[in-house]
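>
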Amino acid sequence: MTLHPLLAGRWSARGYDPAAEIAPEQLEAILEAGRWAPTGGGVQPVRYLVGLRGDATFTGIVDGLKRGNQSWTPAAAALVVLCTTDQPDEPKMHDYGAVDVGLAAGQMIIQAQAEGWNAHPIGGFRTELLTERFNIPAGTRPLLTLAIGRIADALTVDPDIAERDRRPRTRLPLAEVTYADTWGTPLGSGGTFGLPEVAE
Ligand SMILES: Cc1cc2nc3c(=O)[nH]c(=O)nc-3n(C[C@H](O)[C@H](O)[C@H](O)COP(=O)(O)O)c2cc1C
Numbered sequence: 001m002t003l004h005p006l007l008a009g010r011w012s013a014r015g016y017d018p019a020a021e022i023a024p025e026q027l028e029a030i031l032e033a034g035r036w037a038p039t040g041g042g043v044q045p046v047r048y049l050v051g052l053r054g055d056a057t058f059t060g061i062v063d064g065l066k067r068g069n070q071s072w073t074p075a076a077a078a079l080v081v082l083c084t085t086d087q088p089d090e091p092k093m094h095d096y097g098a099v100d101v102g103l104a105a106g107q108m109i110i111q112a113q114a115e116g117w118n119a120h121p122i123g124g125f126r127t128e129l130l131t132e133r134f135n136i137p138a139g140t141r142p143l144l145t146l147a148i149g150r151i152a153d154a155l156t157v158d159p160d161i162a163e164r165d166r167r168p169r170t171r172l173p174l175a176e177v178t179y180a181d182t183w184g185t186p187l188g189s190g191g192t193f194g195l196p197e198v199a200e
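Note that the sequence shown ends on residue 200 in UniProt numbering; no numbers are left out.
(1) If you follow the beta strand (DSSP E) that residue 201 is in, where does it begin and where does it stop?
(2) Which stretch, first to last residue, makes up the beta strand (DSSP E) that contains residue 216?
(3) For a quick check, are the C-beta atoms of Gly124 and Leu65 less than 8 Å apart?
(4) Quick check on the DSSP output: the alpha helix (DSSP H) that includes Ala98 runs from which residue to which?
(5) Verify the contact flag: Asn69, CB atom, against every heavy atom of ligand 3, threshold strictly below 7 Å.
(6) Under the criterion of a Cβ to heavy atom distance below 7 Å, does Gly139 qualify as lining ligand 1?
(7) Between which residues of its own chain and Gly139 is the CB-CB distance below 8 Å, once the five residues before and five after are set aside?
(8) Is there contact between the segment 114-129 and the segment 7-21, where contact requires at least three CB pairs shorter than 8 Å?
(9) Would you say His120 touches ligand 1, meaning its beta carbon is less than 7 Å from a heavy atom?
Structure representation (structure tokens):
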């Protein structure tokens, strides 16, 4: 199987180098990757709250994360909260806000990877804390935070964090999650498409 190297090399790391600083043009390229992601109906509902390690926005975002994420995110070079702007007068747009955020995040993660950075999606934050701290308007929902960091030498990282980073990454086999003909019938079971039994 030939997965693109940027996809094959991507993973959600936690052991970041606390001294690594991201160049403004690299951060801008990552944000541009989000901006150019497709959105439902082209409505562009995604907004980005951007903190650089050391600034008040970064600290505010860390404070809004759940405890488990506060242990490793301070070493990130940047934290970006992706929000979706709901548009109550056009409910259809609202339906796709999460999809739009996901697509933007996916592009940002791969752009970060291409720039030599790791990007780790985080859903574990307290919406009400971020909303209050950053005065996020009603109808705008923070949905995902991206930690962007430089992967550190595992020997320099807190052992608990290093242990989590060493855990094996697995996926369900492709044949278990792809269907054709009827729901649950594995794609290729008719013999027309030779998918491998296991794809991890
Ligand atoms: C919507 C979403 C929320 C996530 N929330 C967290 C989180 O709060 N903390 C964390 O450490 N990782 C979080 N992750 C990362 C996942 O745990 C990770 O992507 C998954 O285990 C697969 O590992 P991989 O990205 O290395 O392939 C989240 C990922 C997604 C897509």
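Glycine included, C-beta positions come from ideal geometry on N, C-alpha and C.
Reading it off the structure:
(1) Limits of the chain in this structure are 1 at one end and 200 at the other, which puts residue 201 out of reach.
(2) This structure leaves residue 216 out entirely; the chain is present only between 1 and 200.
(3) The sequence position of residue 124 within the sequence shown is 124, counting from 1. The sequence position of residue 65 within the sequence shown is 65, counting from 1. Yes, they are a contact pair.
(4) Here residue 98 is taken as the residue at index 98 of the sequence shown, counted from 1. Start and end: 97-114.
(5) Ligands in the displayed structure: ligand 1; ligand 3 is not one of them.
(6) Here residue 139 corresponds to residue number 139 of the sequence shown, with the count starting at 1. Set against 7 Å, the gap from the CB of Gly139 to the closest heavy atom of ligand 1 is not smaller.
(7) Taking the first residue of the sequence shown as position 1, residue 139 is located at position 139. Same-chain partners within the cutoff: Thr85, Asp86, Gln87, Pro88.
(8) Note that the segment 114-129 touches the segment 7-21; at least 3 beta-carbon pairs, one per stretch, sit closer than 8 Å.
(9) Indexing the sequence shown from 1 puts residue 120 at position 120. His120 Cβ: within cutoff of ligand 1.
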